[in-house]
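Enquirer:
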Amino acid sequence: MVPDAEFTSYYGRPIIKSPTWKVPDVPLYLYLGGAAGTSACVGALADLTGRGPLRRWGRFAALTGALVSVGALVHDLGRPRRFLHMLRVLKPTSPLSVGSWILAPFGTLSGLAAASELTGIAPAVGRAAGIGAAALGPAMSTYTAVLLADTAVPAWHEAHRELPFVFAGSALAAGGGIGLAATGDVRPARRIAVAGAVLELVATAVLERRVGFARTAYTSGRPGRLLTLARAATLVGAAAATAGGLVPGRRGRLLSRIAAGLLNGGAAATRFGIFEAGIVTARDPAYTVQPQRARVEARRDGVPVGMSDPMHPNDPHDGLQPHALEPERAEDVEAAEDDGNGGPARNPGGDATGADPRQLDKG
Amino acid sequence: MGNSWYGPLADPSGNAGYAADHPPRVGFFTDTSVCIGCKACEVACKEWNALPADGPHHDQPDLLDLTATSYDNTGALGASTYRHVAFIEQTRPRAAAATVDLGMPLPAGDATEVRWLMASDVCKHCTHAACLDVCPTGALIRTEHGTVLVQDDICNGCGYCIPACPYGVIDQRKGSREEGGGGAFKCTMCHDRLGAGLQPACATACPTESIQFGPLDELRDRAARRVETLHRSGVPEARLYGHDPDDGVGGDGAFFLLLDEPEVYGLPPDPVVTTRDLPSMWRHAAAAALTVAATVAAAFLGGRR
Chain H
5 MVPDAEFTSY YGRPIIKSPT WKVPDVPLYL YLGGAAGTSA CVGALADLTG RGPLRRWGRF
65 AALTGALVSV GALVHDLGRP RRFLHMLRVL KPTSPLSVGS WILAPFGTLS GLAAASELTG
125 IAPAVGRAAG IGAAALGPAM STYTAVLLAD TAVPAWHEAH RELPFVFAGS ALAAGGGIGL
185 AATGDVRPAR RIAVAGAVLE LVATAVLERR VGFARTAYTS GRPGRLLTLA RAATLVGAAA
245 ATAGGLVPGR RGRLLSRIAA GLLNGGAAAT RFGIFEAGIV TARDPAYTVQ PQRARVEARR
305 DGVPVGMSDP MHPNDPHDGL QPHALEPERA EDVEAAEDDG NGGPARNPGG DATGADPRQL
365 DKG
Chain A
9 MGNSWYGPLA DPSGNAGYAA DHPPRVGFFT DTSVCIGCKA CEVACKEWNA LPADGPHHDQ
69 PDLLDLTATS YDNTGALGAS TYRHVAFIEQ TRPRAAAATV DLGMPLPAGD ATEVRWLMAS
129 DVCKHCTHAA CLDVCPTGAL IRTEHGTVLV QDDICNGCGY CIPACPYGVI DQRKGSREEG
189 GGGAFKCTMC HDRLGAGLQP ACATACPTES IQFGPLDELR DRAARRVETL HRSGVPEARL
249 YGHDPDDGVG GDGAFFLLLD EPEVYGLPPD PVVTTRDLPS MWRHAAAAAL TVAATVAAAF
309 LGGRR
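Just so you know, the sequences run in chain order H and A.
Those letters in the first sequence? Residues 5 to 367, by our numbering.
Those letters in the second sequence? Residues 9 to 313, by our numbering.
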């Protein structure tokens, strides 16, 4: 929930439209795409290093993830029969277009590798296909962060530097976790899972610290609870994965499988939490109006952009303080301006404001 | 091809690949200071474009009913509402000096006055249109007139344009396939009328010339003069919105004269096309992908433990 604050809106109605993307289709795809991407990498490297069971798990997980992903994405379309229109053009400005061109060959190659695994036919083709899928795997894991960030949704767009690393960590934890369920030598999967869990936890913490005004959406309400759950599952999962490597025999195996479940649950909860945080900030006009208003005022006063936050005047943990410079945020803003042909410097509202209080009943 | 994604861009149609002899960029100048809230634009738009009833909005389901907040029962732009007249009732400190003293008795002790703001909102046809940039199928295009158009026979209803729009204009239509259900819809600037040399239906129907249509350059000049006139005649709060080619979307094809801050009308105060940050996003995603690859490789190559 957003704290009460002075800001103006049109009867409290949203400014931007919230996504029509369905739950669970899209957040499920965010999780599965990441898990499938790293699983393909695990499968290919297990193949090259002679770890049969790990290779099998990696290949099957990659194909399952890709198939369910495609199903979820087609189901999410308003006009599912036109799903092939996704491959009509290739547009670098559209993360969904780029993603379709990653997912289509990834799914095909994962399918070939898994078919070879299942039938034992043409292992050389299976190996080549598996390596091809692995080459696309890391992109599968992280492009979905751009998919969310390249929107006007404040919680997603403002996190566009951190989201790819959250998704990378979450995908590594999930894919490594799946590998932990295999028999035989799973030490590489264990290292991947633990490294991924650490990256996921750190990147999420950095995101919440740097996202500025949208922080409330990540730390409160349903998204906040989902992300807390994700953190707990990932933390315990990483501990269980580590312990599973130290405890020999059957009990070690059991710990590893528990870790596999926890890490994948955590990865999925992370994606659902981030997805829902975005929806919260799309529905509440405060998240759109307040940071933009602060930018306009700052430009008018000649103060560096993004420095004042009228919404959290009493929250010492929030990155933005009214009329106070917060150094880390200032760096972010400079970085943002470097990213896109220099920051805009203008004053679209004009400075001809009357003394009117701009009061409106919030509907 | 400089500034294809962000920044001032004089000729978006030329940038999109139209030959140099394409028609001039056209747009709307909506002067809200003369809007009387009659909603003729909404009706003309619905009729000309044969738009169905809106039905409940996907995240504002009450919009089918009376809003019970003002004379505005439309509420917002949507998949079947390409013009929306906002209606705002404000209590504010009484203007310091009335321009003409009519000798009317004023209520003693009341230092406030009430004013009505009315404004007809529409798709902004941005110079840098996020909806167009993110569309994965090529359904959204830049037209020869410089406007942004959805090709309904291409759109597969992926919905990416909807959260990409910084103004909350475009939306997915509910309903049967015959009514276009599942696809994304927004103002076409009456593309079919433009080709025939006609004005869009809303501008044609507007009785006060609050909605003015024409070549964008001409409209910008006219708007600047109008603001000057209003400032001279005691309306210092008049300001333009979306007219500036240096703003976050490269300037709007449909811009406004407002009498208060944009958010009062439900408009974002400082919209920025999301594509501005896309190069940075791809760079960060590439770095994250390399992190994934390196982590997996290191895990397999790492020493036996």
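Glycine included, C-beta positions come from ideal geometry on N, C-alpha and C.
Small disclaimer: the values here were computed from a predicted structure and weren't measured.
Who are the neighbours of Ile149 (chain A) on chain H, taking C-beta pairs under 8 Å?
Expert: Under the 8 Å cutoff, chain H gives no residues; its nearest Cβ is about 11 Å from Ile149 (chain A).
Enquirer: Kindly list, in the order they appear in chain H, the residues whose Cβ is closer than 9 Å to that of Phe193 (chain A).
Expert: What Phe193 (chain A) touches in chain H: nothing, since even the nearest Cβ is about 11 Å away.
Enquirer: Run down chain H in chain order and give the residues with a C-beta less than 9 Å from the C-beta of Glu271 (chain A).
Expert: Per Cβ cutoff of 9 Å: Phe11, Thr12, Ser13, Tyr14, Ile19, Pro289, Thr292, Val293, Gln296, Arg297 and Arg362.
Enquirer: Using a Cβ-Cβ distance cut-off of 8 Å, determine whether Ala293 (chain A) contacts chain H.
Expert: Yes, Ala293 (chain A) lies at the interface with chain H (some Cβ there is under 8 Å from its Cβ).
Enquirer: Determine the extent of the alpha helix (DSSP H) in which Ile106 (chain H) is found, giving its start and end residues.
Expert: Its alpha helix (DSSP H) spans residues Pro99 to Thr123.
Enquirer: Ends of the beta strand (DSSP E) at Trp124 (chain A)?
Expert: Counting along the chain, the beta strand (DSSP E) containing Trp124 (chain A) begins and ends at Thr120 to Val130.
Enquirer: In chain order, which continuous runs of the alpha helix (DSSP H) of length 4 or greater are located wholly inside the region 146–196 of chain H?
Expert: For the region 146–196 of chain H, whole alpha helix (DSSP H) runs of length 4 or above, ordered along the chain, are 158–161 and 167–184.
Enquirer: If I measure Cβ to Cβ from Cys173 (chain A) and keep anything under 7 Å in the same chain, skipping five residues before and after, which residues do I get?
Expert: Around Cys173 (chain A): Ala138 and Cys139.
Enquirer: Tell me, to the nearest whole angstrom, how far the beta carbon of Ala87 (chain A) is from that of Gln180 (chain A); I am working on the premise that it is less than 8 Å.
Expert: So it is a contact: roughly 6 Å between Cβ atoms.
Enquirer: Assuming Pro57 (chain H) contacts Gly225 (chain H) under a Cβ cut-off of 8 Å, what Cβ separation, rounded to an integer in Å, is found between them?
Expert: So it is not a contact: roughly 42 Å between Cβ atoms.
Enquirer: Can you pull out the residues from the region 82–96 of chain H whose beta carbon lies closer than 7 Å to at least one beta carbon of chain A?
Expert: So the close ones are Gly82, Arg83, Arg86, Phe87, His89, Met90, Arg92, Val93 and Lys95.
Enquirer: Could you give the first and the last residue of the continuous beta strand (DSSP E) run that contains Asp305 (chain H)?
Expert: From DSSP, Asp305 (chain H) is part of no beta strand (DSSP E) but of the alpha helix (DSSP H) over Pro289 to Asp305.
Enquirer: Which residues, taken in chain order from the region 25–43 of chain A, show a beta carbon closer than 9 Å to some beta carbon of chain H?
Expert: Correct list: empty, as no residue qualifies.
Enquirer: Please return the same chain residues whose Cβ sits closer than 6 Å to the Cβ of Val177 (chain A), not counting the five positions on each side in sequence.
Expert: Counting only Cβ-Cβ distances below 6 Å, and skipping sequence neighbours, we find Leu85, Cys131 and Lys194.
Enquirer: Any beta carbon from chain A within less than 8 Å of Trp25 (chain H)'s own beta carbon?
Expert: At least one chain A Cβ lies under 8 Å of Trp25 (chain H).
Enquirer: Cβ atoms of Pro16 (chain A) and Arg33 (chain A): under 8 Å apart, would you say?
Expert: No, these two residues do not count as a Cβ contact at 8 Å.
Enquirer: Rounded to whole angstroms, what's the CA-CA distance from Ala247 (chain H) to Leu259 (chain H)? Just pull it up for me.
Expert: Distance between the alpha carbons of Ala247 (chain H) and Leu259 (chain H) is about 7 Å.
Enquirer: With DSSP as the reference, label Val300 (chain A) as helix, strand or coil.
Expert: Val300 (chain A): helix per DSSP, three-state reduction.
Enquirer: With a threshold of 7 Å on Cβ separation, who are the neighbours of Thr68 (chain H) within its own chain once the five nearest residues in sequence on each side are excluded?
Expert: There are no such residues.
Enquirer: Between the C-alpha atoms of Gly183 (chain H) and Arg194 (chain H), what's the straight-line distance to the nearest angstrom?
Expert: Distance between the alpha carbons of Gly183 (chain H) and Arg194 (chain H): 8 Å.
Enquirer: Counting only beta-carbon atoms, is Thr82 (chain A) nearer than 8 Å to chain H?
Expert: Judged by the 8 Å Cβ criterion, Thr82 (chain A) is not in contact with chain H.
Enquirer: Under 8 Å between the Cβ atoms of Ala39 (chain H) and Ala209 (chain H)?
Expert: No, they are not a contact pair.
Enquirer: Under 8 Å, Cβ to Cβ, is there at least one residue of chain A near Gly344 (chain H)?
Expert: Model confidence at Gly344 (chain H) stands at a pLDDT of 37, short of 50, so the residue's coordinates are unreliable and nothing is read from them.
Enquirer: By the criterion of Cβ-Cβ separation under 8 Å, what are the contact partners of Cys173 (chain A) in chain H?
Expert: Under the 8 Å cutoff, chain H gives Ile20, Lys21 and Ala156.
Enquirer: Which of the three DSSP states, helix, strand or coil, is assigned to His89 (chain H)?
Expert: Helix.
Enquirer: Val46 (chain H) and Gly179 (chain H) look like a contact to me (Cβ under 8 Å); what is the Cβ gap, rounded to whole Å?
Expert: Val46 (chain H) to Gly179 (chain H), Cβ: 6 Å. Contact.
Enquirer: What does DSSP give as the partner residues of Leu265 (chain A) in its beta bridges?
Expert: Leu265 (chain A) pairs with A:Asp39 and A:Leu248.
Enquirer: Rounded to a whole number of angstroms, what is the C-alpha to C-alpha distance between Val156 (chain A) and Ile162 (chain A)?
Expert: Their Cα atoms are separated by approximately 15 Å.
Enquirer: Please name the residue in H:Val284, H:Leu116 and H:Arg235 whose C-alpha comes closest to that of Ile20 (chain H).
Expert: Checking every option, the nearest Cα to that of Ile20 (chain H) belongs to H:Val284.
Enquirer: Does chain H have any CB closer than 8 Å to the CB of Val142 (chain A)?
Expert: Yes - at least one Cβ of chain H is within 8 Å of the one on Val142 (chain A).
Enquirer: Would you mind telling me which residues of chain A sit closer than 7 Å to Val46 (chain H), beta carbon to beta carbon, in chain order?
Expert: Val304, listed in chain order.
Enquirer: Using beta carbons (cut-off 8 Å, strictly below), is Trp124 (chain A) in contact with chain H?
Expert: False, the Cβ-Cβ gap to chain H never drops below 8 Å.
Enquirer: What would DSSP say about Thr89 (chain A), mapped onto helix, strand or coil?
Expert: Three-state result, Thr89 (chain A): strand.
Enquirer: I'd like to know if Thr68 (chain H) contacts chain A, where contact means its C-beta is closer than 8 Å to some C-beta of that chain.
Expert: Not an interface residue.
Enquirer: Drop a sphere of 10 angstroms on the beta-carbon of Val280 (chain H), count the other beta-carbons inside from all chains shown, and report buried for 16 or more, exposed for fewer.
Expert: For the record, residue 280 (chain H) in the displayed sequence is Glu; it is not Val. With 16 or more Cβ atoms within 10 Å of its Cβ, Glu280 (chain H) is classed as buried.
Enquirer: Taking only beta carbons into account, state which residues of the region 164–176 of chain H come closer than 9 Å to chain A, listed in chain order.
Expert: If the cut-off is 9 Å between Cβ atoms, the region 164–176 of chain H has His164, Arg165, Glu166, Leu167, Pro168, Phe169, Val170, Phe171, Ala172, Gly173, Ala175 and Leu176 near chain A.
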